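Asks:
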Ligand code: MCA
Ligand code: AMP
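Numbering (our numbering), first residue to last: 479 to 959.
1. Would you call the CB atoms of residue 816 and residue 764 closer than 7 angstroms?
2. Note down the Cα distance separating residue 946 from residue 953, rounded to an integer number of angstroms.
3. So, helix, strand or coil for residue 766, using DSSP?
4. Taking residue 881 as the reference, give the member of 498, 806, 756 and 925 with the closest Cα.
5. Considering only residues of the same chain and omitting the five flanking positions on each side of residue 630, which have a CB-CB separation below 8 angstroms?
6. Below 8 angstroms, can you find three or more Cβ-Cβ pairs linking the segment 584-599 to the segment 837-856?
7. Cβ-heavy atom distance between residue 735 and the ligand AMP below 6 angstroms?
8. Determine the closest residue to residue 655 out of 679, 644, 639 and 674, with distance taken between C-alpha atoms.
9. Hey, residue 546 and residue 537: beta-carbon distance below 7 angstroms or not?
10. Report buried or exposed for residue 825, applying the criterion of at least 16 other Cβ atoms within 10 angstroms of its Cβ.
11. Of all the options 704, 696 and 742, which has the alpha carbon lying nearest to the alpha carbon of residue 728?
12. Tell me, to the nearest whole angstrom, how far the beta carbon of residue 553 is from that of residue 591; I am working on the premise that it is less than 8 angstroms.
13. Decide yes or no for the touch test of the segment 571-579 against the segment 615-635: beta carbon pairs closer than 8 angstroms, at least 3 of them.
14. Quick test of the definition: if touching needs 3 or more C-beta pairs under 8 angstroms, does the segment 912-926 touch the segment 871-880?
15. According to the neighbour-count rule (16 or more other Cβ atoms, all chains shown, within 10 Å of its Cβ), is residue 766 buried or exposed?
16. According to DSSP, residue 779 sits in a beta bridge with which residue or residues?
17. Would you kindly work out how many angstroms separate the C-alpha atoms of residue 642 and residue 785, rounded to a whole number?
18. How is the alpha helix (DSSP H) around residue 563 delimited, first residue to last?
19. Put residue 669 into one of helix, strand or coil per three-state DSSP.
20. Would DSSP call residue 962 helix, strand or coil?
21. Among 669, 849, 550 and 902, which one has its Cα closest to the Cα of residue 874?
22. Skipping 5 residues on each side, what residues in its chain have a beta carbon closer than 8 angstroms to that of residue 698?
23. Can you list the beta strand (DSSP E) stretches of 3 or more residues lying completely in the segment 888-954, in chain order?
24. Is the separation between the beta-carbon of residue 898 and that of residue 852 shorter than 7 angstroms?
25. Considering just the uninterrupted stretch of the alpha helix (DSSP H) at residue 742, what are its terminal residues?
26. Could you compute how far the alpha carbon of residue 504 sits from the alpha carbon of residue 491?
27. Is residue 841 near the ligand AMP - that is, is its Cβ less than 6 angstroms away from at least one heavy atom of it?
28. In chain order, what residues of the same chain have a beta carbon less than 8 angstroms from the beta carbon of residue 718, not counting five sequence neighbours either side?
29. Determine, for residue 822, whether the minimum Cβ-Cβ distance to residues of chain D falls below 7 angstroms.
30. Leaving out five residues on either side along the sequence, give the residues of the same chain with a beta carbon under 6 angstroms from the beta carbon of residue 943.
31. Taking the straight line between their C-alpha atoms, what separation do you get for residue 859 and residue 555?
32. Hey, is residue 708 close to the ligand AMP, as in C-beta under 6 angstroms from one of its heavy atoms?
33. For the alpha helix (DSSP H) containing residue 709, list its first residue and its last residue.
34. Ordered along the chain, which non-local residues of its own chain (more than five positions away) have a Cβ less than 7 angstroms from that of residue 720?
35. Secondary structure at residue 490, three-state DSSP: helix, strand or coil?
36. Between the C-alpha atoms of residue 772 and residue 709, what's the straight-line distance to the nearest angstrom?
See the structure below:
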């Protein structure tokens, strides 16, 4: 039987998934996913139209049971990015809900409808080899188009089990979240996590503080979110008694994907008496560290390495820094069973990402006396974290340059209380007297790439500051630092 989902062996009538009115028990999930797994067995890869619905969960579980790697697609992806992902991952079919409207970029692919029911037959056992790829998740880099991260069954199982140990996560837990299902946070932790434990997921469909209050207040035990969601919860807590009670009553509140500012930690703790637990991960590594429940939150501190994860800091000279003084900085490198298997079709990028068998995260940190890891920055200034999404400046610059009214473009991240960082586009128009409207440029990027990659601010310049080599000096742009 499936190594990833023991709860689908002789599945019970315990609840597995709840997405609004769509509720599936383990027995129902086993039937729906089992029937779909039978249909797609033998495929090379399948794309999954990853709407925030039960059908996405069924489709991904089916692919995993069939041993067919799933490529989750952001249903808001723009034309250019979608063409890239499909061209790069070459799926044999796309799995989507029967009612979903798919864009023309997917018209050439056979479409398989994901149903929430299926005949009462035992689901297939899943692949024997744990190195079988489970997922291909696309992630932005500093330059170029997003890369496909190959995640094996081994990595998924190892990371989820390490989290279970750190958080005492069991079948009794009811996880509540509203994360998108095309990234590691929402899909691996947020869907495969509870299913591996045999517990329940309640997905809100879209984030709202009222939804959190309702589901967490009605038996939810765990809440997962990105800092933007916790910021919005913190904003809403004053005067919202049901929300205060819901957060106060949860077993664990977990934040990740970006740093949760101390101010938001404090506001939540003051209002609810609860501390938010931060964990640190990456698409390529799944989860690396977590604060252990009950520990005092400190800004930037993301806890200690999870079971099985080895972590070291390496300085600019390539020396390993073993100091635990809270001061000596180095790049975080990790190794362990949680690591990805490589970037799809990019052996050179894969090789460049490793220092021997250590993965270079690009995150810069110090170790505290107690071994805790405190993130202090990133090596690449051209990576922006906005709303918990990682966005490469280069891909937005390229999209802006494709607009006929743009001569030059540079993209930076600026501190934002809600999003962590907001994307700022610096644009030199082709015709300074008739620059393209900001809204036009914003829509242009949203349509080509994805709405979350759109600039939130557009600033016009006569020229970009450049050094003698002609390279744009982003630090010299007027108000960024
Ligand atoms: C706005 N919209 C547009 C445009 N402007 N659509 C087309 N063109 C435009 N110009 C639409 C959006 O699609 C969206 O629609 C709505 O308007 C609002 O968009 P936006 O303002 O961007 O959303 P938001 O409310 O600010 O979203 C905040 C959020 C979101 C909910 C926190 O940022 C989010 O879900 N973040 C999660 C990121 C995440 O999961 N990261 C994990 C990767 P509509 O409202 O209909 O949707 S990191 C990871 O996986 C690692 C391993 C880790 O450590 O976790
Ligand atoms: P992604 O590449 O989208 O998977 O995002 C991974 C990156 O998110 C990491 O390399 C970190 O820079 C950042 N990240 C994830 N969790 C945290 C956290 N708890 N605190 C600060 N940064 C985080």
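Cβ atoms here follow ideal geometry from the backbone N, Cα and C, with glycine treated the same way.
This one's a predicted model, so the numbers in the text were calculated from it and none came from an experiment.
Replies: From the atom records:
1. With respect to residue 764, residue 816 sits close: the two C-beta atoms are nearer than 7 angstroms.
2. Between residue 946 and residue 953, the C-alpha separation is close to 15 angstroms.
3. Correct three-state label for residue 766: strand.
4. A check of alpha carbon separations from residue 881 across 498, 806, 756 and 925 identifies 925 as the nearest.
5. Answer for residue 630: 608, 609, 610, 611, 612, 818 and 819, listed in chain order.
6. Result no; under three Cβ-Cβ pairs closer than 8 angstroms.
7. Distances from the CB of residue 735 to the heavy atoms of the ligand AMP include at least one below 6 angstroms.
8. Nearest C-alpha to residue 655: 679.
9. No. Outside cutoff.
10. By the neighbour-count rule (16 or more Cβ atoms within 10 Å), residue 825 is not buried but exposed.
11. Cα-wise, what sits closest to residue 728 is 696.
12. Their Cβ separation, rounded to whole angstroms, is 15 angstroms, which puts residue 553 and residue 591 out of contact at 8 angstroms.
13. No, the segment 571-579 does not touch the segment 615-635.
14. Per the Cβ contact rule, the segment 912-926 is in contact with the segment 871-880 (3 or more Cβ pairs under 8 angstroms).
15. When all chains shown are included, residue 766 counts as buried.
16. According to DSSP, which records beta bridges pairwise, residue 779 is partnered with 852.
17. Looking at the backbone, the Cα of residue 642 and that of residue 785 are separated by about 10 angstroms.
18. It spans 557-567 - the alpha helix (DSSP H) in which residue 563 sits, taken as one unbroken run.
19. The answer is helix: DSSP assigns residue 669 an H, G or I state.
20. The structure shown does not extend to residue 962, since the chain is modelled only from 479 to 959, so the question has no answer here.
21. Comparing Cα-Cα distances from residue 874 to each of 669, 849, 550 and 902, the minimum goes to 902.
22. 652, 653, 654, 680, 724 and 728, listed in sequence order.
23. The beta strand (DSSP E) runs lying completely inside the segment 888-954 and spanning 3 residues or more are 898-907 and 935-938, given in chain order.
24. The answer is no: Cβ separation not under 7 angstroms.
25. For residue 742, the enclosing alpha helix (DSSP H) has its first and last residue at 740-750.
26. Answer to the nearest angstrom: the Cα atoms are 6 angstroms apart.
27. Yes, Cβ of residue 841 sits closer than 6 angstroms to a heavy atom of the ligand AMP.
28. Hits under 8 angstroms: 687 and 691.
29. Structure shown: chain D not included; a single protein chain is present.
30. Taken in chain order, the residues that qualify are 951 and 954.
31. Spanning the alpha carbons of residue 859 and residue 555 requires a straight line of approximately 24 angstroms.
32. For the ligand AMP, no non-hydrogen atom lies closer than 6 angstroms to the CB of residue 708.
33. Secondary structure note for residue 709: its alpha helix (DSSP H) is the uninterrupted segment 705-715.
34. Closer than 7 angstroms at the Cβ level, and outside the excluded window around residue 720, lie 691 and 695.
35. In this structure, residue 490 counts as coil in the three-state DSSP scheme.
36. Taking the Cα positions, residue 772 is about 20 angstroms away from residue 709.
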